[in-house]
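Q: Encoded as structure tokens, here's the structure I'll be asking about.
There are 4 protein chains.
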Amino acid sequence: MTIAVGIIGVGVMGADHARTLVNHVPGARLRAVTDADGARARQVAAETGAETVAPDPMAVINDRSVDAVLIASPDQTHRDLTLTCLAAGKPVLCEKPLAPTARECLEVLAAEVKGGRRLVQVGYMRHFDPAYMEMKAKLLSGELGRAVMLHNFHRNVSAPTWFDAKMAISNSAVHEIDISRWLLDTELTSVQVFKPKIAGMAENGAPVFLVFETAKGQIVNVEMFNNAAYGYDVRGELVCEKGTISLRSPIHSEVNTGLASTTFYPADWRPRFADAYRLQMQAWIKSLSDGKPVGASAWDGYVTSAVGEAGHQSLAEGRSVRIALVPKPGLYD
Amino acid sequence: MTIAVGIIGVGVMGADHARTLVNHVPGARLRAVTDADGARARQVAAETGAETVAPDPMAVINDRSVDAVLIASPDQTHRDLTLTCLAAGKPVLCEKPLAPTARECLEVLAAEVKGGRRLVQVGYMRHFDPAYMEMKAKLLSGELGRAVMLHNFHRNVSAPTWFDAKMAISNSAVHEIDISRWLLDTELTSVQVFKPKIAGMAENGAPVFLVFETAKGQIVNVEMFNNAAYGYDVRGELVCEKGTISLRSPIHSEVNTGLASTTFYPADWRPRFADAYRLQMQAWIKSLSDGKPVGASAWDGYVTSAVGEAGHQSLAEGRSVRIALVPKPGLYD
Amino acid sequence: MTIAVGIIGVGVMGADHARTLVNHVPGARLRAVTDADGARARQVAAETGAETVAPDPMAVINDRSVDAVLIASPDQTHRDLTLTCLAAGKPVLCEKPLAPTARECLEVLAAEVKGGRRLVQVGYMRHFDPAYMEMKAKLLSGELGRAVMLHNFHRNVSAPTWFDAKMAISNSAVHEIDISRWLLDTELTSVQVFKPKIAGMAENGAPVFLVFETAKGQIVNVEMFNNAAYGYDVRGELVCEKGTISLRSPIHSEVNTGLASTTFYPADWRPRFADAYRLQMQAWIKSLSDGKPVGASAWDGYVTSAVGEAGHQSLAEGRSVRIALVPKPGLYD
Amino acid sequence: MTIAVGIIGVGVMGADHARTLVNHVPGARLRAVTDADGARARQVAAETGAETVAPDPMAVINDRSVDAVLIASPDQTHRDLTLTCLAAGKPVLCEKPLAPTARECLEVLAAEVKGGRRLVQVGYMRHFDPAYMEMKAKLLSGELGRAVMLHNFHRNVSAPTWFDAKMAISNSAVHEIDISRWLLDTELTSVQVFKPKIAGMAENGAPVFLVFETAKGQIVNVEMFNNAAYGYDVRGELVCEKGTISLRSPIHSEVNTGLASTTFYPADWRPRFADAYRLQMQAWIKSLSDGKPVGASAWDGYVTSAVGEAGHQSLAEGRSVRIALVPKPGLYD
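First to last, the sequence lines map onto chains A, B, C and D.
Throughout the first sequence, residue numbering follows my numbering, covering 315 to 647 in sequence.
Throughout the second sequence, residue numbering follows my numbering, covering 315 to 647 in sequence.
Throughout the third sequence, residue numbering follows my numbering, covering 315 to 647 in sequence.
Throughout the fourth sequence, residue numbering follows my numbering, covering 315 to 647 in sequence.
Right under this line is the structure:
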């Protein structure tokens, strides 16, 4: 069985997804692409051999030959497009976030629950990153005892001018919120946000430091620094009762020159997580054949956004904020 | 265009190739598998969804729906099967070695030259390993000057009882012979083999140390240790005029426990070179569509075997041996 | 000029100081040792060649041939002994803490200020650790811009049964409080303490996580885990505007065995900071000759204790606590 | 007992020895320095507080208040000065080499044997390097089985114009010859030298690659590259039956900036081996008090030079050369 995929939105992320699909994923074909910028859609279609350039998202979703939809259009379109997919009964892999607000995520959740079957996967691709998978496997092996603390570091080279501390939380640190829940298999119960206040330091991309408590009593923290200058760098250390586990990034070579021994950072997240995106896409396509959902669910998408909003509140009020969630529907057990 | 592939031999290596093909390579289908052990062939077919289990290699090669053949049967069958593929005009990816002796390799070479087009790729997969590719790209960038020396280390956990020093050269160190030629873009001109003589040390898997000179005047050495006990480990350092480049192996996590900081080695070569095998297979399938040969050629297969035989001679005679090659046919320029 | 040193208290730390003095510090002689346990004092004197075993601390301080005093007796004796040294006009290197409470530290401060000259050094030896010195030098070079955040990790193998979260702060994390002030050349202005609450986890040695703000607006955090099990491990990363600097611990070799690549942690702090203790002692002895104070001052000792007490308050009250300090006397500028 | 030391030759190396002695070695005083360049001698004396500037080496050796002599004058003076010290019955730490030729080393050996007691130590300081000591301790622990191979790498930033391949062996690679013998506790029995021949590459500082066999049947190799450009770098890996042990160099910090993670190499050997020089000096002074010789003996100095000369012969003749040694006098057992 070959899954015919339609991709909505082929900017940087969507075009990468299209390439991943056609270059690395047997069992799938790229049936259609669409983009608000038609020229871009045609260019990506030409490069990837997509069968059709659709005029708009509805044409993709309503195309009867499209089996599954990947949404990589702007964040504010995610809710409506996902709801439309659900209404059409089509499986969807929606780039994070599931929706810009937790309230809107709940609408998607309600629709999926009403439909009675899991159709939505959210593109929190770190679940498929070999480093995080290895970290989780070591934790589950039990040889290090229980998890006590989790330290996360997430750094980008530079942030757009309009990228403020709220976006640092809801656009970037959500990856750590997601992966911390997944690694620790629990919910975050409170958040407190700290923000350096360096005289004259640009507001865009300025770092935030978040400290969470979990339902298991663990402490989780995240340094999110979108203007870290030196490279794209994601680190994590899980501190357990009998030892710790740290992530390693993919490094293929080391250069010795100019009195230095050097390894290199990528300029953005794509080389770092290329394997994760590839494995996520393969797993998604496979899940459509075997009917077993994988990856982040709509529930995960909702919770991550809800935690991010609690982070916004803590940032604004300068104090610890309790994280309140709706009860978890049985569909997601 | 979808390439229909037939795989001859589905032991450890061939079964892995089958999985790689069906799990990671779009644009191909696994048309047929065969194996001297019919039960094994049926099992691999069931696991991978191969369309047919062929009774013997000839049935695979002669199957008109098979577009291309992958040979992973025992070494002594490689020559005949490759010659048969050439006679049938079918592209072939032959696991290394191309043939057990340089003389037999020359027969394949002659047949391919006579046919006038490149159909044979030899499975020296390190050409596609991201670490070696990065090393070569750094060299070609010119920023470190010219290559002066190349140090190679190749260690296995343990060797079979019948694995002697000759096999260490012709079965294992051939990978370093191949990759050194590829990295340095030149031929090896002499070889001298050293062998530790430790009282009471088992002969099987005992280390050999090879020192080569190249046509560019460089020194290349290889430590080949098939009984190294501690893990599967391949290292390399390219020493240039202005600096050096070292390989790094894939490492995803680090564990701190028991007064130690630890990263892990795989028990065999497959995890280390999983990416290389995957990328080699994708590149081979793509080369069949676009008609541009990639990877190690039959010429490379011949030279590697010829160098290995010079190594055998040096091992036996305890002195430096000049490496003599036939003139390179224009087909391989 | 040879400095005659008297050491008060030759338990684990004091005996180490005695060995360091006699084995690594020219320009000094070990004139006297004393200890509440006379047998221990005699044993250390025999081992190190100390000239005298004094019956009690007063005998050391009052010995006219003793030029300088090193205090390594129990914490609750530090204030009185230091005050006695000041009264006698004798330079003193007092192990941390300067006194068990900030209030008592202020008594020492007042006495030193009244005397009008710097006689007290506190044994926060990390000021002399080559890794921290290199970190500070890189920061001062300016090439990475200004410091924005500082992450500290301090882990011990196991804690005594009576070692609670308050002690984790005032006995262990004080090293990070001290070194953070020194690295960033500023004061900490607030502290908030987080504590994992893992069901059934032992209270002794349980981790605390401290988040500080500095007068320059930076965020500093400390993971203090006295029961970390895996080894003695101190790490730090200074995040600046254009890059980061991380500490490396002394590692002399790497062992590959049993499918692992391994480096080793010491079981306690002494191997990690052996160089720092040696260089601190050399610098102290040199400072007595040239009259230029080095290392942590009584002011630093006071502030560190005051910050620790604010940490205790935050731990008890579960909220952020402002750190209030007395004005800094001009003697310490 | 305080040892009064006289230093002959205070160029780069001798001046460093003088500083090490006065800054790091209790139990010694710097009684006298001398140098062919009197101004330099006076300058070093002023800096280090040496008690006397002697007019010439004889004045140092004959000074009755000088207990022990450190020779750091040009290589061709080593034999005569050491013989003079032996004649005067004075212990001597002679910088390597003991003498420019093995024949001359034998004269020193004969004189010391005739005197009947060990007075000569040769400054092969790596015996005291913590990394090599840790490597040897791991080997002696037996947990990795017996040593099978030893790989050595020795790289300098740049070589003087007159520094040819012979000097690469007898001035630089002698350190590896020495330390390989010490680590493996055996003699080298043959040597073969390989030399890259890169068109247009400068002769000075050009690399040599040496392969040795040992009396225990092990293979030892040395890459000696005096013009390696990128930094001063010494590496070693000892390959044993059950695993390997690698040296690590002292690294205190890591800098992340400009898309790179960087650690630094020193520009010359002194920072790398500062601990070794310090510990060697402390051990030498201690050995003079307790009468137990430490470090490299005159025998070691002779053998190292003899092996280097065999290397010269192999370099000239392009073949393997057997290493012939005189019988080892009982004094050195």
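For each residue, glycine too, the CB sits at the ideal point set by N, CA and C.
Less than 8 Å between C-beta atoms, sequence neighbours within five positions excluded: which residues of the same chain meet that for residue 509(C)?
A: Translated into the one-based positions of the third sequence, residue 509(C) becomes position 195. Cβ neighbours of residue 509(C) beyond the five flanking positions: 479, 520, 521, 522, 523 and 629.
Q: Going by Cα to Cα distance, which pick from 646(D), 640(D), 337(D) and 333(D) is closest to residue 594(C)?
A: Here residue 594(C) corresponds to residue number 280 of the third sequence, with the count starting at 1. It is 337(D).
Q: In chain order, what are the residue ranges of uninterrupted alpha helix (DSSP H) at least 4 long that sit wholly in the segment 454-510 of chain C?
A: Qualifying alpha helix (DSSP H) stretches, in chain order: 488-498.
Q: What are the residues in the segment 442-460 of chain A lying within 9 Å of chain C by C-beta distance?
A: Answer in chain order: 458, 459 and 460.
Q: Taking C-beta pairs closer than 7 Å, name the residues in chain G that residue 565(B) reaches, listed in chain order.
A: Of the protein chains in the structure, A, B, C and D, none is chain G.
Q: Looking at the unbroken beta strand (DSSP E) that takes in residue 348(C), where does it start and where does it end?
A: If you number the third sequence from 1, residue 348(C) lands on position 34. Residue 348(C) -> beta strand (DSSP E) spans 342-348.
Q: Here's the rule I'm using: 16 or more other beta-carbon atoms within 10 Å means buried, otherwise exposed. How should residue 374(C) be labelled?
A: Numbered from 1 along the third sequence, position 60 holds the residue referred to as residue 374(C). Label assigned to residue 374(C): buried.
Q: Residues of chain C with a CB under 7 Å from the CB of residue 570(D): which are they?
A: Sequence index remark: in the fourth sequence, residue 570(D) carries index 256 (1-based). The answer, in chain order, is 557 and 558.
Q: Rounded to the nearest angstrom, what separates residue 506(C) and residue 627(A) at their Cα positions?
A: Counted from its first residue, the third sequence places residue 506(C) at position 192. Counted from its first residue, the first sequence places residue 627(A) at position 313. The alpha-carbon atoms of residue 506(C) and residue 627(A) are separated by roughly 18 Å.
Q: Given residue 397(C), which residues of its chain have a CB within under 8 Å of its CB, disregarding the five upstream and five downstream residues?
A: Against the third sequence, residue 397(C) aligns to sequence position 83. Cβ neighbours of residue 397(C) beyond the five flanking positions: 421, 422 and 425.
Q: To the nearest angstrom, how far is the alpha carbon of residue 462(A) from that of residue 445(C)?
A: Within the first sequence, residue 462(A) is the residue found at index 148, counting from 1. Within the third sequence, residue 445(C) is the residue found at index 131, counting from 1. Taking the straight line from one Cα to the other gives about 28 Å.
Q: Please report the residue range of the alpha helix (DSSP H) in which residue 515(D) lies.
A: By one-based count along the fourth sequence, residue 515(D) stands at place 201. No alpha helix (DSSP H) holds residue 515(D); DSSP gives it neither H nor E.
Q: Between the segment 596-604 of chain C and the segment 563-572 of chain B, are three or more C-beta pairs nearer than 8 Å?
A: The segment 596-604 of chain C vs the segment 563-572 of chain B: no contact.
Q: May I ask you to report which of helix, strand or coil DSSP gives residue 384(A)?
A: Counted from its first residue, the first sequence places residue 384(A) at position 70. Residue 384(A): strand per DSSP, three-state reduction.
Q: Indicate whether at least one CB of chain D lies closer than 7 Å to the CB of residue 637(B).
A: Reading the second sequence from its first residue, position 323 is the one you call residue 637(B). For residue 637(B), the answer is no, since every Cβ of chain D falls outside 7 Å of its Cβ.
Q: Under the assumption that residue 470(C) contacts residue 550(C) (Cβ atoms under 8 Å), give the Cβ distance between them as a whole number of angstroms.
A: Counted from its first residue, the third sequence places residue 470(C) at position 156. Counted from its first residue, the third sequence places residue 550(C) at position 236. Between residue 550(C) and residue 470(C) the Cβ distance is about 16 Å, and since that is not below 8 Å, they are no contact.
Q: Rounded to whole angstroms, what is the Cα-Cα separation between residue 334(D) and residue 342(D)?
A: Within the fourth sequence, numbered from 1, the residue matching residue 334(D) stands at position 20. Within the fourth sequence, numbered from 1, the residue matching residue 342(D) stands at position 28. Between residue 334(D) and residue 342(D), the C-alpha separation is close to 11 Å.
Q: For a minimum of 3 consecutive residues, which ranges assigned as the beta strand (DSSP E) are wholly contained in the segment 517-582 of chain C?
A: Whole beta strand (DSSP E) segments, 3+ residues: 522-528, 533-539, 547-554, 558-561, 567-571 and 574-578.
Q: Go ahead and label residue 428(D) buried or exposed: buried means 16 or more other beta carbons lie within 10 angstroms of its beta carbon, across all protein chains shown.
A: On the fourth sequence, residue 428(D) is found 114 positions in, with the first residue counted as 1. The residue is exposed, with fewer than 16 neighbouring Cβ atoms inside 10 Å.
Q: Beta carbons nearer than 7 Å to chain D: which residues of the segment 572-591 of chain A have them?
A: Residues 572, 573, 574, 575, 576, 577, 578, 579 and 581.
Q: Touching or not, the segment 447-458 of chain C and the segment 534-547 of chain C, by the rule of three or more beta carbon pairs under 8 Å?
A: As far as the Cβ criterion goes, the segment 447-458 of chain C does not touch the segment 534-547 of chain C, which means the pair count is below three.
Q: Examine chain D for any beta-carbon lying closer than 7 Å to the beta-carbon of residue 660(A), and answer yes or no.
A: The question about residue 660(A) has no answer here: the residues shown for chain A are numbered 315 through 647.
Q: Please report the distance separating the alpha-carbon of residue 365(B) from that of residue 501(A).
A: Position 51 of the second sequence holds residue 365(B). Position 187 of the first sequence holds residue 501(A). Distance between the alpha carbons of residue 365(B) and residue 501(A): 46 Å.
Q: Just by C-beta distance, which residues in the segment 337-348 of chain C are closer than 9 Å to chain D?
A: Listed in sequence order: 337, 338, 339, 340, 341, 342 and 343.
Q: Return helix, strand or coil for residue 356(B), following the three-state DSSP convention.
A: Working through the second sequence from its first residue, we reach residue 356(B) at position 42. In this structure, residue 356(B) counts as helix in the three-state DSSP scheme.
Q: Take residue 498(D) and list the residues in its own chain whose beta-carbon comes closer than 7 Å to its own, dropping the five residues that flank it on each side.
A: Your numbering for residue 498(D) matches position 184 in the fourth sequence. If we look at residue 498(D) and ignore the five residues flanking it on each side, its Cβ neighbours are 461, 464, 528, 530 and 532.
Q: So the candidates are 543(A), 358(A) and 562(A); which of them puts its Cα closest to the Cα of residue 574(D)?
A: Along the fourth sequence, read from residue 1 onward, the residue named residue 574(D) stands at position 260. When each option's Cα is compared against that of residue 574(D), the closest is 543(A).
Q: Please return the same chain residues whose Cβ sits closer than 6 Å to the Cβ of residue 591(C), not counting the five positions on each side in sequence.
A: Residue 591(C) sits at position 277 when you count from the first residue of the third sequence. Excluding residues within five positions, the ones whose Cβ falls inside 6 Å are 334 and 439.
Q: Note down the Cα distance separating residue 371(C) from residue 606(C), rounded to an integer number of angstroms.
A: Numbered from its first residue, the third sequence carries residue 371(C) at position 57. Numbered from its first residue, the third sequence carries residue 606(C) at position 292. Approximately 26 Å between the Cα atoms of the pair.
Q: Starting from residue 544(B), find everything on chain C with Cβ-Cβ shorter than 9 Å and list it in chain order.
A: Here the question's residue 544(B) lines up with position 230 in the second sequence. Near residue 544(B) (Cβ distances below 9 Å), the residues of chain C are 569, 570, 571, 572, 573, 574 and 575.
Q: To which residues of the same chain is residue 670(C) closer than 6 Å at the C-beta, ignoring the five residues directly before and after it?
A: Nothing can be reported for residue 670(C): it is not among the residues displayed for chain C, which extend from 315 to 647.
Q: Using 8 Å as the cut-off, can you tell me whether the segment 375-389 of chain C makes contact with the segment 408-417 of chain C, which would need three or more C-beta pairs spanning the two stretches below that distance?
A: Touching, yes, given that three or more Cβ pairs across the two stretches are closer than 8 Å.
Q: For residue 508(C), would you say it is in contact with chain A, using Cβ-to-Cβ distances shorter than 7 Å as the test?
A: Working through the third sequence from its first residue, we reach residue 508(C) at position 194. For residue 508(C), the answer is yes, since a Cβ of chain A falls inside 7 Å of its Cβ.
Q: Is the CB of residue 477(C) under 7 Å away from at least one CB in chain A?
A: Stepping through the third sequence from its first residue, residue 477(C) is reached at position 163. Output row for residue 477(C): interface = no.
Q: Going along chain D in order, which residues have a C-beta closer than 8 Å to the C-beta of residue 537(B)?
A: On the second sequence, position 223 is the one that residue 537(B) refers to. Residues of chain D passing the Cβ test: 463, 465 and 553.
Q: Specify, as a first and last residue, the run of the beta strand (DSSP E) that residue 652(D) falls within.
A: Because chain D is modelled from 315 through 647, residue 652(D) falls outside the range shown and cannot be assessed.
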